[in-house]
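First comes the structure, then the notes that go with it.
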Amino acid sequence: MADYHYREGKGATTQAPLFLVFHGTGGDENQFFDLAGQLLPGARVVAPRGDVSEGGALRYFRRTGEGVYDMDDLALRVAQMVAFVEARKAEGNAAQVVGLGYSNGANILAAVQFAAPGLFDASVLMHPLIPFSPPKVDFAGKRVLITAGQRDPMAPAAMTQGLSDYFAGQGAETKLFWHPGGHELRQEELRETQAFLSGLAVIRA
Numbered sequence: 007m008a009d010y011h012y013r014e015g016k017g018a019t020t021q022a023p024l025f026l027v028f029h030g031t032g033g034d035e036n037q038f039f040d041l042a043g044q045l046l047p048g049a050r051v052v053a054p055r056g057d058v059s060e061g062g063a064l065r066y067f068r069r070t071g072e073g074v075y076d077m078d079d080l081a082l083r084v085a086q087m088v089a090f091v092e093a094r095k096a097e098g099n100a101a102q103v104v105g106l107g108y109s110n111g112a113n114i115l116a117a118v119q120f121a122a123p124g125l126f127d128a129s130v131l132m133h134p135l136i137p138f139s140p141p142k143v144d145f146a147g148k149r150v151l152i153t154a155g156q157r158d159p160m161a162p163a164a165m166t167q168g169l170s171d172y173f174a175g176q177g178a179e180t181k182l183f184w185h186p187g188g189h190e191l192r193q194e195e196l197r198e199t200q201a202f203l204s205g206l207a208v209i210r211a
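Position one of the sequence shown corresponds to residue 7 (our numbering), numbered consecutively onward.
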């Protein structure tokens with residue numbers, strides 16, 4: 007399968023966390039690249055560009071309607087992304103592998119975790135939508151933060167709560183953070199994300 011185009015920032019040390027960031031629909035590898043350096047200082051940042059176009063808007067997998075996923079395409083793209091992350095991990099000696107995704111980026115990140123539960127040590131899923139039942143896997147020792155808007159028209163609160171319950175039920179240390187808005191990213195969830203990731207920060211010598 008074809009590799010992803012991606013943007014990369016070198017880590018402060020050879021053991022720095024590998025921090026993969028996944029954009030939302032219509033974004034690209036630049037959407038969260040600079041933010042990643044602020045959220046997890048010193049990490050090696052890798053930001054892959056989605057390779058599916060929906061009317062010119064880049065995504066990580068196809069859908070047939072709002073909240074209706076092409077499950078065959080999702081399976082193909084997940085396998086491709088798992089291979090991509092494994093290849094980036096093999097290039098170094100990262101102490102942890104961390105993921106952050108927003109909207110469609112959160113969805114591909116979550117789906118990768120379902121398929122390869124040992125790949126990410128910690129993940130931040132911002133406004134995810136998983137309209138299917140994930141498999142039973144072991145997330146013991148993993149950390150997951152989900153951030154969401156209470157009035158998000160694209161990611162219903164009940165589904166978000168269900169995803170949080172799923173991760174907790176599979177053994178992950180799980181936190182769900184709500185803000186009172188919709189699908190937009192807000193400063194309070196970025197602060198929550200920074201606090202969540204603070205234990206992994208690498209101080210440049």
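By construction, the Cβ of each residue, glycine as well, lies at the ideal position given by its N, Cα and C atoms. The model shown is predicted, which means the values in this text are computed figures rather than measured ones.
Asked                                                                                                       : Found
Sheet register partners of H189 (DSSP bridge)                                                               : None; H189 has no bridge partner.
Residues near L196 in its chain [Cβ-Cβ closer than 8 Å; skip 5 each side]                                   : L41, L45
Counted within 10 angstroms of its Cβ, other Cβ atoms place P134 as buried (16 or more) or exposed          : buried
Candidates F90, E194, A100, F67, of which the one nearest A81 by Cα                                         : F67
Inter-residue CB distance, L182 and Y108 (contact presumed, cutoff 8 Å)                                     : Going by Cβ atoms, the distance from L182 to Y108 rounds to 16 Å, so no, they are not a contact pair.
Distance between V74 and D158 (C-alpha atoms, nearest Å)                                                    : 17 Å
Pair within 9 Å by beta-carbon distance, Q119 and K148                                                      : yes
Selected residue, minimal CA-CA separation from G124, among E97, S139, A178, T153                           : A178
Helix, strand or coil at I152 [DSSP, three-state]                                                           : strand
Span separating the alpha-carbon of D76 from that of T70                                                    : 6 Å
Inside the stretch 100-165 only - alpha helix (DSSP H) runs reaching at least 4 residues                    : 110-121
Contact check, I114 vs F28, beta carbons under 9 Å                                                          : yes
Outcome for S170 when other beta-carbon atoms lying within 10 angstroms are tallied against a minimum of 16 : buried
DSSP beta-bridge partners of P47                                                                            : In DSSP, P47 forms no bridge with anything.
Among A112, F202, A100, S139, nearest to H189 - alpha-carbon criterion                                      : A112
Length of the line joining the Cα atoms of P162 and H185                                                    : 13 Å
Residue burial classification, F126 (beta-carbon count within 10 angstroms, cutoff 16)                      : buried
Endpoints, the beta strand (DSSP E) within which E92 is located                                             : Where E92 is concerned, there is no enclosing beta strand (DSSP E), although the alpha helix (DSSP H) it sits in stretches over 77-96.
Those residues which DSSP pairs with E14 across a bridge                                                    : V52
Among Q86, E35, L106, nearest to F202 - alpha-carbon criterion                                              : L106
Three-state secondary structure assigned by DSSP to G168                                                    : helix
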